[in-house]
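A.B. asks:
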C-alpha cells in the first residue's frame, strides 16, 4: 500500500447540520446544485486529476483507475496543502465527482467541493480572488508498476532501481514513472503548487 500526496488516511469530515434548500439550481462546472446548496458554503468545481499522463511527481493514473475513483470521492474532506493529520483542519468536503472521457486525448476527473466559509474565511477569499486556484488529490494506492521494466511493487522495498533511484530519468527512450493501481481517494487539497499542473479550479458559486 502506498500513499500519494498525503501522509495519513483519515475519516471524512461532513457537517450536514442546518441544511437549507435553495430556490433554484445553479450550474457549477459539470454539476447542478439546488436543494443541497447551503448558507455559508462556497461551491467549487475543479479539475482534480488527469488520466494517462505522468505528473510532476512522475506518478500516472490510468483512465480505468480514475473512472473508479470518481465513484468514491464524495465524502472525502478538503484540506490546505495536505495538512490532514488533524481532522479539525478540514475545510470542507467533496460532494460529487465525475470522470470526463469525452476527449480521448484529455481524460480527467472533476470534483465538486463544498468549502465552509465560516471555518476558512481567508481561504475562501483567496479562492474567490483567484489567488488560490489549484488542487491536489490524496490517494491510497494498492500497488504501482514501473513503465520501463514492468516491475510491480506493493511496498517501497519492492521498487525496482528505475523508481527507487532514478524516477524521472530516461531509459531506452522512456522517462521512468509509476503507474498507480488500486486507487482509494481519501482527501482533496487546495494547494500552491500542484503535481498536476492542469488541476485548476473551473468555477465557483455560493448560495448568496
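Residue numbers (my numbering): 49 to 256. For each residue, glycine too, the CB sits at the ideal point set by N, CA and C.
(1) Since residue 231 and residue 109 are thought to touch, with beta carbons under 8 Å apart, how far apart are those beta carbons, to the nearest angstrom?
(2) Beta-carbon within less than 7 Å of residue 60's beta-carbon, same chain only, minus the 5 sequence neighbours each way: which residues are those?
(3) Answer with buried or exposed for residue 261, where buried requires no fewer than 16 other C-beta atoms within 10 angstroms of its C-beta.
(4) Given residue 137, which residues of its chain have a CB within under 7 Å of its CB, disregarding the five upstream and five downstream residues?
(5) When the Cα of residue 76 is compared with those of 120, 99 and 143, which residue comes out closest?
(6) Taking residue 146 as the reference, give the member of 227, 78, 73 and 216 with the closest Cα.
(7) Let me confirm a value: residue 121 is counted as buried when at least 16 other C-beta atoms fall within 10 Å, else exposed. Which label applies?
(8) Counting beta carbon pairs with one atom in the segment 111-118 and one in the segment 190-203, are three or more of them shorter than 8 Å?
(9) Tell me whether residue 104 sits in a helix, a strand or coil according to DSSP, three-state version.
(10) Residue 177: buried (16+ other C-beta within 10 angstroms of its C-beta) or exposed?
(11) What did DSSP end up calling residue 242 once you bin it into helix, strand or coil?
(12) Could you work out which residue in 227, 185 and 215 is closest to residue 241 when comparing CA atoms only?
(13) Can you have a look at residue 248 and say buried or exposed, based on whether 16 or more other CB atoms are within 10 angstroms of its CB?
C.D. replies: On the basis of the data shown:
(1) For the purposes of this step, residue 231 is taken as the residue at position 183 of the chain shown. For the purposes of this step, residue 109 is taken as the residue at position 61 of the chain shown. So it is a contact: roughly 7 Å between Cβ atoms.
(2) Translated into positions along the chain shown, residue 60 becomes position 12. Caution is warranted here: a pLDDT of 29 is assigned to residue 60, below 50, making its placement in the model unreliable, and no coordinate value can be reported.
(3) A question about residue 261 goes unanswered here, because the residues of the chain that appear run from 49 up to 256.
(4) The residue you call residue 137 lines up with position 89 of the chain shown. Hits under 7 Å: 127 and 131.
(5) Residue numbering aside, residue 76 sits at position 28 when the chain shown is read from its first letter. Residue 143 holds the alpha-carbon nearest to the alpha-carbon of residue 76 among 120, 99 and 143.
(6) As a first step, residue 146 must be located in the chain shown, where it is residue number 98. If we check each option's Cα against that of residue 146, 78 comes out closest.
(7) The count along the chain shown starts at 1 and reaches residue 121 at position 73. Buried, by the Cβ-count rule.
(8) no
(9) Against the chain shown, residue 104 aligns to sequence position 56. Reduced to three states, the DSSP call for residue 104 is coil.
(10) Translated into the one-based positions of the chain shown, residue 177 becomes position 129. Burial call: exposed.
(11) As a working note, residue 242 is residue 194 in the chain shown. It is coil, neither helix nor strand.
(12) Sequence index remark: in the chain shown, residue 241 carries index 193 (1-based). Among 227, 185 and 215, the Cα nearest to that of residue 241 belongs to 185.
(13) Sequence index remark: in the chain shown, residue 248 carries index 200 (1-based). Result: exposed.
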